[in-house]
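Residue numbering for the sequence shown follows our numbering, beginning at 49 and increasing consecutively. One structure below.
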Amino acid sequence: MTKPDLIISIVNHSNPELLHDCLRTLFQTTQACTFEVWVVDNATDGRGVEAMRRDFPQVRWLFNTSRKGFSANHNQVLSQAQGRYFCIFNDDTLVHEGAFDTLVRFMDDNPRVGMAGARLLNADGTPQDCVFRQMGLSTALFDICFLPRPLHFLKALHIDPAQYGNAEARVSWVLGACIIVREQTLAEVGLLDEKLAPLGNTEDTDWCVRAWKAGWEVAFCPEAVITHLTSRSFRPSAKGHDRVRVELWRTRLAYFRKHHGRLHEQLMRLILVGTLPWNSAVLTQSLLRRRLSLAEYQRQLSTFVRISEMGLRARVG
């Protein structure tokens, strides 16, 4: 039996309206390549599933009996499906005309590229940050700190300017909302690291870095266009600290330990702990100036305290 050109893996997070639109645009706009779509139902309430199975009978479904993380869900598909290429893909997306056809053609034309990402757009059509430079300690410091307005440009230094152009580019890493990977690359690099992405955070960085270390290139393919509705699959909880943000910093700490060793890990811990007084002072000032509600102040402060606590633990993740 001939393998399809592309296996597309999507996780259902109880967002049937989003996923239905994603599947509709995917099947409408993909014509030139052969492909299979696999949906992993992440132990949802089942709302909308019957309608999607009726409207898209060609989709293959896997059903979890308990909730799993981003990497664990996609790994179920990556480990059993067979195709020339694989794509991990978000459910909160809309596929533009020929996007996946373009990605497959791009990979065929560039045999040294092991992974590639599409151009991602926000809902209003503006460019979305999706192509990045290597993750470093300065990136972490600028990202976690509240910065004065004149220094806000520092938060964007990790963004690769290639994402604003129309030329193909080799980049450090691409956003996990849409990553296509070559079958041979997957075999050599391995599956997504499940310790780095219970919610979906640093697994994309790690995967791309592992591809580079294995001798493969990671690329940006701007001709393939996807609208990404910006993390609507994961919404912060209404009460308490921001669990998603805390998880982001846990996985970043684990990433530095994995790829840069103990010295970088300890410096990262210092950043997590040392920035708490500054961020707390900025939050308090905003509260006193009535730019922040008491509830939001408590929520953000609790989040930063949780993040700083990770820097004091012997090992995280």
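Even glycine gets a Cβ: it sits at the ideal position worked out from N, Cα and C.
A straight line joining the alpha-carbon of Ala147 with that of Ala166 spans about 8 Å. Residue state for Val88 is assigned as strand, using DSSP reduced to three classes. Membership of Ser57 in the beta strand (DSSP E) is indicated by the continuous run 54-60. Excluding its 5 nearest sequence neighbours in each direction, Leu315 has C-beta neighbours in its own chain below 6 Å: Leu185, listed in chain order. For the set Ser328, His144, Thr253, the Cα lying nearest the Cα of Arg72 is the one of His144.
In this structure, the beta-carbon distance from Asp53 to Thr82 falls below 8 Å.
Here Glu236 has Ala262 as same chain residues with Cβ atoms under 7 Å from its own Cβ, once five neighbours each way along the sequence are excluded.
Taking C-beta atoms as the reference points, Ser57 and Val107 fail to come closer than 8 Å. Residue burial is scored here from C-beta neighbours: Tyr212 has fewer than 16 other C-beta atoms within 10 angstroms and is therefore classed as exposed.
A check of alpha carbon separations from Arg300 across Thr250, Phe75, Trp109 identifies Thr250 as the nearest. Residue pairing of Pro175 in beta bridges, as defined by DSSP: Leu169. Taken in chain order, the unbroken stretches of beta strand (DSSP E) that lie wholly in the region 85-152 and span 3 residues or more are 108-111, 133-137, 141-143. Between Leu168 and Ala225, the gap from beta carbon to beta carbon is short of 8 Å. Counting along the chain, Arg305 sits inside no beta strand (DSSP E); it lies in the alpha helix (DSSP H) bounded by residues 291-322. Contact check for Trp221 against Phe180 passes: the beta carbons are separated by less than 8 Å.
Counting only runs that start and end inside the region 177-222, the alpha helix (DSSP H) elements of at least 4 residues fall at 185-192. Within a 10 Å sphere around the beta-carbon of Met163 sit 16 or more other beta-carbons, which makes this residue buried. For the pair of segments examined, the region 113-131 was found to touch the region 81-95: the number of CB pairs separated by less than 8 Å reaches three. Per DSSP, reduced to three states, the secondary structure at Ala225 is coil, with no helix or strand assignment. DSSP places Cys269 inside the beta strand (DSSP E), whose first and last residues are 265-276.
Selection Cys70, Arg258, Met183, Val229 evaluated against Met100 yields Cys70 as nearest (Cα-Cα). The DSSP-derived three-state label of Arg230 is strand.
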